[in-house]
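Following: one structure in structure tokens, then a few remarks.
2 protein chains.
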Amino acid sequence: MAEGDGATADIQGLIPRTASGPDVSLEELQLAVRNHSLPLEALRYDLTPVGMHYLLIHWDIPQVDVDSWRLEVGGSVQKRRTLTLDDLKRMPRVSAQVTLECAGNGRARFSPRPISQPWLFEAVGNAEWTGTPLRHLLEASGPFASAVDVVFTGLDRGVQGGIEQDYERSLSVAEAGRDEVLLAYEMNGQPLTPQHGFPLRLVVPGWYGMTHVKWLRSITLVDAPFRGYQQEPAYHLASSDEDPGVPVTRILPRSLMVPPGIPDFMSRIRYLSPGDYTLQGRAWSGHGAISHVQVSIDGGKTWDDAELGSAAAEFAWRSWRYEWHAEAGEHELCCRAADAAGNVQPLTTTWNAQGMCNNAVQRVKVVVGTGVVPVQPPAGA
Amino acid sequence: MAEGDGATADIQGLIPRTASGPDVSLEELQLAVRNHSLPLEALRYDLTPVGMHYLLIHWDIPQVDVDSWRLEVGGSVQKRRTLTLDDLKRMPRVSAQVTLECAGNGRARFSPRPISQPWLFEAVGNAEWTGTPLRHLLEASGPFASAVDVVFTGLDRGVQGGIEQDYERSLSVAEAGRDEVLLAYEMNGQPLTPQHGFPLRLVVPGWYGMTHVKWLRSITLVDAPFRGYQQEPAYHLASSDEDPGVPVTRILPRSLMVPPGIPDFMSRIRYLSPGDYTLQGRAWSGHGAISHVQVSIDGGKTWDDAELGSAAAEFAWRSWRYEWHAEAGEHELCCRAADAAGNVQPLTTTWNAQGMCNNAVQRVKVVVGTGVVPVQPPAGA
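The listed protein sequences derive, respectively, from chains A and U. Sequential numbering of the first sequence, starting at -4, is according to this note's numbering. Sequential numbering of the second sequence, starting at -4, is according to this note's numbering.
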């Protein structure tokens, strides 16, 4: 797990720079055109179809030959193991719907904007993940009592913050042993696609996306807290470059709506005719069940309760709906979620140096007028 | 096919504006995070997997109930028809590999940059499309001799250039009758995904992506040249907002390479150790077979022939490879393609007001040095 000597030419420091203005550089655009978020109308699907689920890939998508691929389990354990994909498929099989969200979701709405993948508010997806509980594999390996962290290493390798590295993240032994943590080899009933981590990825329900290591090649128990780049300094809520900050872990509550009406190509402003509409969307939190969702049709001045649908699983998003009588004029629609742990989605969040966890409310501009064909939001959900 | 009254508030004019600087506005970013291009390492796959093929969706992805969906064939024909998807599947079935590319690919490399979807150079994909030849359906409908254009209308609706509209494009009767033109209901052996046009889309091999109308709902023969927004003024090579310009049609030659080595997260600069590498990539053109590909390792000063692989089909991309001895230092790798019609990919293209057809050569910055683990480009291709 030793990280290689850093390549030093033309690469940035440990902590992201901050943009001087709201506009996005061509450097950031390179990331924006590679990675992609959920098209908001795809909130209509209970399970996000392949190709619409958000993707954040730090370096290149590895090419994996599944016949030669192996998962190595080692480090501070009594029994080191080398497993094939078939070995893993012979272990207990579990499926669960889990909503994944990038920790940097909302980054491009911060001002000044930390320079990294410039997400707006849509880096999310909800999928059914199938695999084997990590707990069984850990127990069968016999961790020594001295082990404190479990390190997950992917096959993806690159340079970040001046450090050449494999993608690596860790969990505490206790967190890794949660019943829900999966080594997943299927997504929505199909083998993982290359971009989602084929042949095997980690799924840690409730945590932000950086934790769900893709293209897993090894699981290593270690006796000292893991401090690889993606664990520290990356993915921390820090007030400045000097502040070490606190680690990003579980997903804060967020709600998003399917924008009603039809969009303008460039501005994405929505157009619709006066009348009755059902606003629909999803809400999720990694800290507890969604307890309520509220909708505002006046840009956040006043709020009204939405009707909650059922959640398919503890860590899957929950649907909501709200009946709206749209009157002529320009409106700003918002929604906000709260969870059972008492977290409420805020109108604005505190700026932080890496642009993490910006769960400020979504704002959808709509123009209600005549001369526009009425369009109902999609039914279902 | 009459277009609705235009909504007029907060929407732009007919022709895209031009950006005052190189940076991308949050408005453009909204498009960049919705749509996505091919991750360059995915050039390794003969067939682009679902979720990696480029996508450009003008408005929202429609939700289609296939049981109530119908294709209407009408206008200047002897026999109007209404077809179900099963009706189309009972007609002759053909599969073909076709490379699709967005006409706006390369737009964000123009200076000044026309404001629209800010593509760099990767808005491409190669898929196997399965469907029924359009020709049979047209012949069975008995077009009147007066018909000049065939208009294809999608279920996607929105506002663009101040005009509320369905997505509509046309082909001349002669072009629509080409053997290769397909009404496609499968992509890579699976039903079309929602984002690629489920349940039916047009595939016009050789033409840029705007022609391949998704979510088809009607095919209408008309006796006068079609002039809907997406046909005119959109998708024209024009020197200014006042110049009507000439229509964009077939794909100009382009080649792209799989960047060697490993990337830096932000800059995407590539790092590798000195040694022997096989550079690999793809080349394609809608004007004729790829006749040669050349590679430059000095930023376009000198060029050397690459070795061409076979093309799977007339309108599919062709693989190429080039053996490169990487010496320490910084290099700029380029590739350029030429086709049998005599078109050669240029170092720079002429600016145009809509940012169309920028097939200037790709430039890949690499740093070859020690302290960097050698990484071979993926094998295969």
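Glycine residues also receive a C-beta, built at the ideal position from the N, C-alpha and C atoms.
What's the gap between the Cα of residue i and the Cα of residue j?
| i | j | result |
| --- | --- | --- |
| C330 (chain U) | I292 (chain U) | 9 Å |
| V362 (chain U) | E322 (chain U) | 9 Å |
| Q7 (chain U) | G157 (chain U) | The predicted position of Q7 (chain U) is uncertain, since its pLDDT is 43 and thus under 50; no value can be drawn from it. |
| F116 (chain A) | T188 (chain A) | 24 Å |
| T13 (chain U) | N354 (chain U) | 19 Å |
| L274 (chain A) | V290 (chain A) | 9 Å |
| P220 (chain U) | I56 (chain U) | 28 Å |
| P228 (chain U) | Y266 (chain U) | 44 Å |
| L178 (chain U) | L197 (chain U) | 5 Å |
| A(-3) (chain A) | Y162 (chain A) | Note that A(-3) (chain A) scores 32 on pLDDT, short of 50, meaning its location in the model is unreliable; the coordinates nonetheless yield the value given after this. Each residue's Cα considered, the two are about 12 Å apart. |
| K74 (chain A) | D218 (chain A) | 16 Å |
| A4 (chain A) | T343 (chain A) | With a pLDDT of only 32 at A4 (chain A), under the threshold of 50, the placement of this residue in the model should not be trusted; the figure read from the coordinates follows. Those two C-alpha atoms are separated by around 37 Å. |
| S63 (chain A) | R212 (chain A) | 11 Å |
| S15 (chain U) | R104 (chain A) | 21 Å |
| P369 (chain U) | Y224 (chain A) | Caution applies to P369 (chain U), whose pLDDT of 44 falls short of 50 and renders its modelled position unreliable; the value that the coordinates give is listed next. Straight-line Cα distance between these residues: approximately 21 Å. |
| V243 (chain A) | S165 (chain A) | 12 Å |
| V119 (chain A) | V154 (chain A) | 25 Å |
| G70 (chain A) | L216 (chain A) | 5 Å |
| T345 (chain A) | L232 (chain A) | 10 Å |
| G149 (chain A) | K296 (chain U) | 39 Å |
| A376 (chain A) | D41 (chain A) | Because A376 (chain A) sits at a pLDDT of 30, beneath the cut-off of 50, its placement in the model cannot be relied upon, and the point is left open. |
| V45 (chain A) | A122 (chain U) | 16 Å |
| R173 (chain U) | R130 (chain U) | 7 Å |
| A37 (chain A) | P107 (chain A) | 30 Å |
| E175 (chain A) | W312 (chain A) | 16 Å |
| W389 (chain A) | E181 (chain A) | Past the edges of chain A, shown from -4 to 376, lies residue 389 (chain A), and the structure says nothing about it. |
| S262 (chain A) | E23 (chain A) | 20 Å |
| T127 (chain U) | P239 (chain U) | 35 Å |
| E302 (chain U) | S268 (chain U) | 24 Å |
| D144 (chain U) | W279 (chain U) | 28 Å |
| V59 (chain U) | L66 (chain U) | 12 Å |
| S350 (chain A) | P109 (chain A) | The question names Ser, but residue 350 (chain A) in the sequence shown is Gly. Cα-Cα distance, rounded: 5 Å. |
| V72 (chain A) | A135 (chain A) | 9 Å |
According to DSSP, residue i sits in a beta bridge with which residue or residues?
| i | result |
| --- | --- |
| E67 (chain A) | A:T77, A:S213 |
| A122 (chain U) | U:V93 |
| E327 (chain A) | A:D293, A:K360 |
| E302 (chain U) | U:R316 |
| A278 (chain U) | U:S250, U:R313 |
| I257 (chain U) | U:Y266 |
| D334 (chain A) | A:I285 |
| L23 (chain U) | Before going on, a small fix: residue 23 (chain U) reads as Glu here, not Leu. DSSP lists no partner for E23 (chain U). |
| L232 (chain U) | U:V241 |
| P186 (chain U) | U:E181 |
| I158 (chain A) | A:Q155 |
| F193 (chain U) | None; F193 (chain U) has no bridge partner. |
| P138 (chain U) | U:V72 |
| G149 (chain A) | A:L211 |
| P128 (chain A) | A:L177 |
Flag this pair as yes or no: are the beta carbons of residue i and residue j separated by less than 7 Å?
| i | j | result |
| --- | --- | --- |
| R358 (chain A) | E325 (chain A) | no |
| P258 (chain A) | W54 (chain U) | yes |
| H308 (chain A) | Q92 (chain A) | According to the sequence displayed, residue 308 (chain A) carries Ala and not His. Yes. Within cutoff. |
| W202 (chain A) | Y272 (chain A) | no |
| L80 (chain U) | P194 (chain U) | yes |
| G184 (chain A) | K209 (chain A) | no |
| S235 (chain U) | A140 (chain U) | no |
| I264 (chain U) | D334 (chain U) | no |
| V288 (chain A) | W315 (chain A) | yes |
| G101 (chain U) | Q112 (chain U) | no |
| L247 (chain A) | C352 (chain A) | yes |
| L51 (chain A) | C97 (chain A) | yes |
| R39 (chain U) | V253 (chain U) | yes |
Quick check: is any heavy atom of the ligand SAH less than 6 Å from the C-beta of residue i?
| i | result |
| --- | --- |
| E181 (chain A) | Questions concerning the ligand SAH fall outside what the structure shown contains, since it holds no ligand whatsoever. |
(message) Taking beta-carbon pairs under 9 Å, can you tell me which members of the segment 174 to 191 of chain A lie near chain U?
(response) T188, P189, Q190, H191
(request) Identify each residue in the segment 252 to 277 of chain A for which the Cβ-Cβ distance to at least one residue of chain U is less than 7 Å, and report them in chain order. (result) Going along the segment 252 to 277 of chain A in chain order, one finds I257, P258, D259, F260, M261, S262, R263, I264, Y266 with a Cβ nearer than 7 Å to chain U.
(request) Could you say if the segment 27 to 42 of chain A and the segment 23 to 37 of chain U meet the contact criterion of at least three C-beta pairs nearer than 8 Å? (result) yes
(request) Quick one: which residues of the segment 136 to 153 of chain A get their C-beta closer than 7 Å to a C-beta of chain U? List them in chain order. (result) Against chain U - using a Cβ distance shorter than 7 Å - the residues of the segment 136 to 153 of chain A are R152, G153.
(request) Please name the residues in the segment 81 to 107 of chain A whose beta-carbon is closer than 8 Å to at least one beta-carbon of chain U, in chain order. (result) A103
(message) Can you pull out the residues from the segment 34 to 45 of chain A whose beta carbon lies closer than 9 Å to at least one beta carbon of chain U?
(response) P34, L35, E36, A37, R39, Y40, P44, V45
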